[in-house]
Every structure is written in C-alpha cells, then in structure tokens.
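Residue numbers (the working numbering): 187 to 479. Just so you know, even glycine gets a beta-carbon here, dropped at the ideal spot from N, CA and C. To start, the structure under review is shown below, and the notes come after it.
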C-alpha cells in the first residue's frame with residue numbers, strides 16, 4: 187500500500203510497515219530505482235521490531251510538488267531536507283537511516299544536519315561525500331561516464347528523449363549479467379515517468395560536480411557537508427563485490443570518515459543493487475547493525 191504525506195514542498199508517497207512506538211528506520215532509495223527496492227527488506231526489519239518507512243524521492247513515482255514554481259533540484263542537501271519534512275509530517279523525531287546510492291549520500295547529509303535526530307546510518311554502495319568529493323581518478327571517471335554525459339547539452343537532450351533507455355544501461359552494467367528481469371525493470375520504470383524525474387536527475391549529477399548550483403534552500407547544509415571531515419555516529423558501509431560503478435577499491439578508505447563504531451561489509455557476487463539482488467543476506471546485516479544499539 188502507498189501512503190501520502192503533505193510535507194514542506196512535496197506530497198510524498200511512501201510505504202510503511204510496523205507499529206507506532208517501535209524504533210523507526212528510514213529507507214532511502216537511489217537512482218535509477220524507486221522505493222520498491224526495499225520490498226523484500228521491509229518485512230524482515232518489521233519482523234524484528236522496527237517501524238520502517240520507504241519514501242519515493244522527489245521526481246519519482248507519486249511524489250509530487252505542491253507548486254509549479256518550486257525549483258526542480260536534486261542535490262543531496264535538498265533531498266535530505268525533504269526527508270526531514272517527511273519525518274516532521276509523521277511526527278517522528280529520532281530515527282536510523284539506511285540509504286542506497288543517492289540515498290547513501292542523503293543519509294550522511296542527514297547525519298551532518300540533524301545529529302540530534304539521526305541515531306545511526308547504513309550506506310549502501312556509494313562512498314560518502316564528507317569533506318567534499320575530489321575529481322575521481324581516470325579509472326573511476328570512466329565508470330562514471332553518465333555523470334559527465336549529463337553535463338553536456340547533447341547528453342541532456344539525449345536523456346530527455348529517452349530517460350528509461352538511459353536508466354536501462356545502468357541496470358545492465360552495474361551488476362552481474364542476468365541479475366534482473368525485464369518485467370521488474372518495466373515496473374520500476376513507471377516511477378521514472380514522473381514529469382520531474384529528468385530535471386531532478388540532471389540537476390543531481392550536474393550539481394555534484396559544480397556544473398550547477400545546489401538548491402538555494404540547501405546551500406548552507408551543502409557547505410556543512412563539505413566542511414565536515416568525519417562523523418562519530420555508528421555507521422555500516424555495505425559494498426557489492428561485483429559493483430560495476432563503484433568497485434570495491436572506491437570504498438577501501440571509507441572508514442577514515444568515521445570515528446565511531448564502523449563496519450564495512452563486502453557482499454560476494456553482488457553488484458550495485460543489493461536490496462534487489464540479495465535482500466535476505468542484506469536484511470541479516472542490517473538487522474545485526476540496527477540491533478547493536
């Protein structure tokens with residue numbers, strides 16, 4: 187079932203399982219994906235006594251803007267502010283965050299901006315941006331071709347013409363061959379028919395490399411993330427051994443960003459989408475982490 191919450195700038199669509207009064211876990215999806223990536227994880231977390239909430243990010247699925255005049259921006263800071271607006275709308279003060287891809291960067295941003303509300307974070311498959319992100323070495327820049335493609339006029343035009351075809355390339359290349367079926371992809375792609383999906387996608391990738399300014403509402407928060415070198419809250423980093431966009435070597439030094447309890451797990455044979463590829467094993471790791479409070 188899909189619920190809707192009226193937040194600051196958005197009508198946010200989300201799924202929820204678990205009872206009030208239980209510890210809250212916010213699940214944030216990445217790109218190109220949607221909240222259904224957690225469908226096989228949520229019941230397992232709920233069964234262990236957690237209340238789990240999985241929203242569709244702005245520009246995805248049934249999450250829509252209240253006003254046409256609101257900028258269609260997608261930098262991590264503004265997405266984190268959306269998440270806080272959802273938690274406020276649901277009257278939730280303290281929570282843990284599990285984020286995949288874009289969601290991982292939103293999770294660390296939430297930890298920077300709201301340390302009194304975020305108790306712990308799990309980051310899946312995408313290294314943190316604490317302290318700012320340097321230009322990647324050529325080897326990794328080649329894998330991130332889609333970032334640079336979206337910074338060009340022709341690339342933007344191509345993405346606007348066929349955003350689903352663009353996303354399909356990522357699903358094909360980021361995990362081992364045969365990991366998904368076309369029926370699942372087609373179902374998820376419905377979320378990308380949101381009229382704001384392309385604008386938010388383009389802004390997300392352009393803003394992270396200073397090819398576009400972050401949303402003005404989040405400029406201060408973005409500066410905080412860049413100036414924050416380390417975090418001390420409990421953190422779990424999960425890496426797919428066969429990740430085709432963020433290989434294992436990209437997370438070897440992630441531990442240096444965290445001064446509190448930290449664990450890095452590499453999942454054998456898993457690519458960039460562990461919640462879809464190995465939900466049972468992923469849930470086991472997440473439950474162990476969440477219960478170690």
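Quick one: is residue i buried, meaning 16 or more other Cβ sit within 10 Å of its Cβ, or exposed?
{"i": "residue 389", "result": "buried"}
{"i": "residue 368", "result": "exposed"}
{"i": "residue 437", "result": "buried"}
{"i": "residue 189", "result": "exposed"}
{"i": "residue 463", "result": "buried"}
{"i": "residue 447", "result": "exposed"}
{"i": "residue 268", "result": "buried"}
Can you round the beta-carbon distance between residue i and residue j to whole angstroms, since I take them to be within the 8 angstroms contact cut?
{"i": "residue 310", "j": "residue 333", "result": "Their Cβ separation, rounded to whole angstroms, is 19 angstroms, which puts residue 310 and residue 333 out of contact at 8 angstroms."}
{"i": "residue 204", "j": "residue 232", "result": "4 angstroms"}
{"i": "residue 407", "j": "residue 266", "result": "7 angstroms"}
{"i": "residue 476", "j": "residue 236", "result": "7 angstroms"}
{"i": "residue 484", "j": "residue 391", "result": "Residue 484 lies beyond the range of the chain shown here (187 to 479); nothing can be said about it."}
DSSP state of residue i, grouped into three classes?
{"i": "residue 424", "result": "strand"}
{"i": "residue 371", "result": "helix"}
{"i": "residue 203", "result": "strand"}
{"i": "residue 285", "result": "strand"}
{"i": "residue 417", "result": "strand"}
{"i": "residue 346", "result": "helix"}
{"i": "residue 240", "result": "strand"}
{"i": "residue 256", "result": "coil"}
{"i": "residue 449", "result": "strand"}
Rank the options by C-alpha distance to the C-alpha of residue i and give the top, closest one.
{"i": "residue 404", "options": "427, 296, 221, 288", "result": "296"}
{"i": "residue 315", "options": "199, 217, 261, 470", "result": "261"}
{"i": "residue 245", "options": "465, 378, 443", "result": "378"}
{"i": "residue 234", "options": "394, 211, 292, 375", "result": "211"}
{"i": "residue 365", "options": "219, 459, 439", "result": "459"}
{"i": "residue 195", "options": "253, 424, 224, 278", "result": "253"}
{"i": "residue 413", "options": "319, 192, 241, 432", "result": "319"}
{"i": "residue 198", "options": "214, 209, 208, 207", "result": "214"}
Just list the alpha helix (DSSP H) runs in the region 258 to 328, keeping only unbroken ones of 4 residues or longer that don't cross its boundaries, in chain order. Within the region 258 to 328, the complete alpha helix (DSSP H) runs of at least 4 residues are 262 to 275, 288 to 299.
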